[in-house]
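Quick note on numbering that gives the first Met the number 0: the sequence shown kicks off at 0 and runs consecutively. A virtual CB, placed ideally from N, CA and C, is assigned to each residue, including glycine. Right, one structure below, let's go through it.
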Amino acid sequence: MAEAEVSNDVPSGLPDATRLGAAAQRMLQIEDAAREEAISTVFKLLHNILGDLENPKKRRVKKVNATFQRKVGRHSCAVDFLRASGFLEADDAEAEAEEDRKGGLLYMPVAYILRLTDAHHVLAGVAKEAGVSVPAMPGGSFNPCSSMVQSVDTTRSAKAPDAWKTQAESLRDEVKKRERELREEVEQAPEVALRPAAFWLSAGRRLEEVIREAEQDSEERVSDNHLLKEQVASAKQALSGSHTFESADKKRLAQLQRAKAHQSCVLRIICPDKSVLQVHFRSAEKGEKVLEAIKPLFSDAVQASRWYVYRSPPMERMNPKASLSAAGLAPGAVMYLGFDGEKCGPPFLQAGLVDQLGPCREESGVTAPSSFTGEAMGWGAGHRLGTTGGTSAGGAESSAGAAKAQKIEGEAMKPE
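Okay, here's the thing in structure tokens:
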């Protein structure tokens, strides 16, 4: 590997300096603690070089290093920022595995002072916006180019105002507090009755309506009113305040304040014959417990097969280890019943639920019992479904009305 060089000239052979700003802005999109970790680590890599410009060891980073991968390497925007700062890909002759040798290093053959200080300046601006502390440019050790560094560095003497620091720290504390509140609200939710129900896909009510009913209206009103007051107060403060501070943490806090911790989850599982199983769970319930609870609701044939539930698109099976909330299924989701290997035929639900289905499509292969009533689905008391003729109160009233209409019409037709 060539000897490390130091140059005060205008950078040559490097990506355009505008790439620094583009990559830095993308780093703002990294979530929460990972964002601070990535920015701080990139600062450290740059400062290691600026503090010891002629030391080639400070300019080498093994891409397979676990710490580097966790803090920087897994974020393409952070790697792009390093490339724009002067890092190039190089082979790692010391790597043990063959696949780790080719392009296994990030190496800076020439340390361009102007580009490194530009990188520090750009990263400092992004760090302020993200609420991350900005370290001073290194200057404690001997640096033959220190005068050059000091002359072009605009961040060394500039210090963040105390009011800004206090506001940034307060925002970060508020974000963590709100995240903790939402998490605890979901985890501490009371048990939810399973309430299994079955219906044909074409006859079911909208999922949104069922979710609204599952939520407790009183709690929603209290929560919404409280949220509205917070938003109004925040808007007044923004209009009357003199600060124009805006950060990623501030945007994140605004999102969290609008977020609602859904304590319950409504799942609808569509079977191959278009019959639907609807069940209720706590949003904090793990997938393995959900699968265990719904298994007895399927027919014996389904239970004996290699069945699973999934959502689509994209096709993703229920994760046994993840909670419904963490999997993005709360407050409600539509899933499907699938099979590994041979698929059994209908009915897919146990007998008690099949009784709830009512009239079915001929191709489904399921026959609804004539004793089925629609009261459970809210279709009207006394209405009997699955029969061609009925003696229900609704049917008798309809027949009486039709007979009366015919009698009046007959009388009207009689000659005087």
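| Query | Result |
| --- | --- |
| Using only the alpha-carbon positions, how far apart do His-74 and Ala-303 sit? | 45 Å |
| According to DSSP, is Met-314 helix, strand or coil? | coil |
| To the nearest angstrom, report how far apart Gly-85 and Ala-110 are at their CA atoms. | 7 Å |
| Measure the alpha-carbon distance for Glu-24 versus Met-136 and round it to whole angstroms. | Just to set this straight, residue 24 is Gln in the shown sequence, not Glu. Taking the straight line from one Cα to the other gives about 21 Å. |
| What ranges does the beta strand (DSSP E) occupy inside the stretch 252-315, keeping only unbroken runs of at least 3 residues that lie completely in it? | 263-269, 274-281, 306-310 |
| Check whether the stretch 349-358 touches the stretch 188-203, counting contact only when three or more Cβ pairs, one atom from each stretch, lie closer than 8 Å. | yes |
| Quick one: grab the DSSP three-state call for Ala-83. | helix |
| I need the straight-line Cα distance from Lys-14 to Ser-282, nearest angstrom please. | The sequence given here has Pro at residue 14, not Lys. One C-alpha to the other measures close to 48 Å. |
| Which residue from Val-191, Pro-271, Glu-93, Glu-173 puts its Cα closest to that of Lys-62? | Glu-93 |
| Is the beta carbon of Ala-96 sitting closer than 8 Å to the one on Leu-45? | no |
| Of all the options Ser-39, Pro-313, Ala-332, Leu-296, which has the alpha carbon lying nearest to the alpha carbon of His-261? | Ala-332 |
| Give a yes or no on whether the C-beta atoms belonging to Met-317 and Leu-290 are separated by under 8 Å. | yes |
| Less than 6 Å between C-beta atoms, sequence neighbours within five positions excluded: which residues of the same chain meet that for Arg-18? | Ala-83 |
| Pull the bridge partners of Gly-331 from the DSSP assignment, please. | Val-265 |
| Hey, Cys-270 and Leu-336: beta-carbon distance below 8 Å or not? | yes |
| When every heavy atom of the ligand ATP is checked, does at least one fall within less than 7 Å of the C-beta of Val-275? | Here there are no bound small molecules, and the ligand ATP is not part of this structure. |
| Looking only at its chain, what residues have a beta carbon closer than 7 Å to the beta carbon of Gly-72, apart from the 5 residues adjacent to it on each side? | Lys-62, Val-78 |
| Does the separation of the CB atoms of Val-133 and Glu-35 fall below 8 Å? | no |
| State the Cα-Cα distance for the pair Gln-254 and Thr-40, rounded to the nearest angstrom. | 27 Å |
| Is DSSP giving Gly-72 helix, strand or coil here? | helix |
| If we ignore side chains and look at the alpha-carbon of each, how far apart do Gly-12 and Leu-170 end up? | 41 Å |
| My output table needs one value for Lys-57: the three-state DSSP class, helix, strand or coil. | helix |
| Specify the secondary structure class of Phe-347 as computed by DSSP and reduced to three states. | coil |
| Across which residues does DSSP place Ser-6 in a beta bridge pair? | Tyr-111 |
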